[in-house]
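Please read the structure below before turning to the comments.
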Amino acid sequence: MSDIRVPAYHLAGGSVGVLLVHGFTASPTELRPLGDHLHQAGFSIQGVRLAGHGTHLDDLARTTRHAWHESVLSGYRELAEHCEQIVAIGLSMGGVLCCQLASERPLAGLCLLAPSFQVRSRFLFLAPWLRVLIRKIAKSPATLQYYEQHGLFSYPAMPVAALGELYRLIREVRPRLPHITTPCRIYMGMRDRTVEPDSGFAIYNQIGSEKKGLTLLHNSNHILSAEPDADLLFSSIRRFVEHRVIDRKKGHSPKAVPQST
Numbered sequence: 548m549s550d551i552r553v554p555a556y557h558l559a560g561g562s563v564g565v566l567l568v569h570g571f572t573a574s575p576t577e578l579r580p581l582g583d584h585l586h587q588a589g590f591s592i593q594g595v596r597l598a599g600h601g602t603h604l605d606d607l608a609r610t611t612r613h614a615w616h617e618s619v620l621s622g623y624r625e626l627a628e629h630c631e632q633i634v635a636i637g638l639s640m641g642g643v644l645c646c647q648l649a650s651e652r653p654l655a656g657l658c659l660l661a662p663s664f665q666v667r668s669r670f671l672f673l674a675p676w677l678r679v680l681i682r683k684i685a686k687s688p689a690t691l692q693y694y695e696q697h698g699l700f701s702y703p704a705m706p707v708a709a710l711g712e713l714y715r716l717i718r719e720v721r722p723r724l725p726h727i728t729t730p731c732r733i734y735m736g737m738r739d740r741t742v743e744p745d746s747g748f749a750i751y752n753q754i755g756s757e758k759k760g761l762t763l764l765h766n767s768n769h770i771l772s773a774e775p776d777a778d779l780l781f782s783s784i785r786r787f788v789e790h791r792v793i794d795r796k797k798g799h800s801p802k803a804v805p806q807s808t
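All residue numbers for the sequence shown refer to this note's numbering, where the first residue is 548 and numbers rise by one.
Below is the structure:
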């Protein structure tokens, strides 16, 4: 593997931990502003670096969805060593991975930021077959400029092999949604050009959580943590996590499980 250019990070805080999972081709920089905001509120923070990310594009091309899942589990275990309760927050593909985690591990809460269950790109569906013809798909100059303006580390292209893994991940996790009972909050940007904004309604209806909510951010594109509604988003998530603390004190939230099994 190439040298790590953007590492995972841990911010020590209280007994409630927040697991942050970034999106496809991105890095921990994507959700770091949210992590800093929640850390100032007293929560412990674990910013996950997904396998194949934050290094070199060729690393991502060789990485599987199973390795991404293991990265999330590793971050969960790290938090569980120090925290009684864990809230998982994922952006885009990170939201899909957090749903996968919620179906397997106890969580006090789940926040899905523009989860990529319905991607607009036509390449995603074809990726498992296109990989023999095309190695990567370049991102637009406007997208690369956006990353630079917001201080985000992300790859300049998408390996088609990794897109195929994302496609398979979505197909595997979507059927689990009805079995997830973790209190959940979904956030969608109404100007999102990466995932369908209306897919938030489908996720809300499919997920099995009794306590759930859907917030539409009218001025936001896909990377919600860097958009004009970011302050509103951060405040809403902080209140959600604080409510999970109240539920914990009442004995309504499951305890985190640190073991590696």
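We put the beta carbon where it would ideally sit given N, CA and C, even for glycine.
Quick one: what's A649 bridged to in DSSP? The partner list for A649 (beta bridge, DSSP) is empty, contrary to what the question assumes.
Could you tell me which residues DSSP pairs with L763 in its beta bridges? M735
Taking the alpha-carbon of G736 as reference, which of R718, I754, L780 and K759 has the nearest alpha-carbon? L780
Give the secondary structure of Q665 by DSSP, where H, G and I count as helix, E and B as strand, and everything else as coil. coil
Contact under 8 Å by Cβ, V788 with F590: yes
Rounded to whole angstroms, what's the CA-CA distance from L567 to S663? Just pull it up for me. 16 Å
How about the region 628-645 and the region 759-766: do they share at least three Cβ pairs that are nearer than 8 Å? no
Which residues mark the beginning and the end of the beta strand (DSSP E) in which Y702 is found? First-last for Y702: undefined, no H or E at that position.
Extent of the continuous beta strand (DSSP E) to which V568 belongs: V563 to V568
Quick check on the burial criterion: 16 or more other C-beta atoms within 10 angstroms. Buried or exposed for R669? exposed
Less than 8 Å between the beta carbons of R723 and S639, yes or no? no
Use the C-beta contact count for P725: other C-beta atoms within 10 angstroms, 16 or more gives buried, fewer gives exposed. exposed
Excluding the five sequence neighbours on either side, which residues of its own chain have a C-beta within less than 7 Å of the C-beta of A588, listed in chain order? R785
Leaving out the 5 sequence neighbours to the left and right, which residues in its chain are closer than 8 Å to A559 when beta-carbon positions are compared? S591 and H629
With DSSP as the reference, label L660 as helix, strand or coil. strand
Can you give the Cα-Cα distance for H616 and C646, rounded to whole angstroms? 11 Å
CB-CB under 7 Å to I813, same chain, minus the five flanking residues each way: which ones, in chain order? This structure cannot speak to residue 813, because the chain is shown only from 548 to 808.
Quick one: residues in its chain with C-beta nearer than 6 Å to the C-beta of H600, no 5 flanking neighbours on either side, listed in chain order? S574
Could you say which of L620, C658, H613 and D605 lies nearest to L578 if we only look at CA atoms? C658
What first and last residue would you give for the beta strand (DSSP E) that runs through G594? S591 to G594
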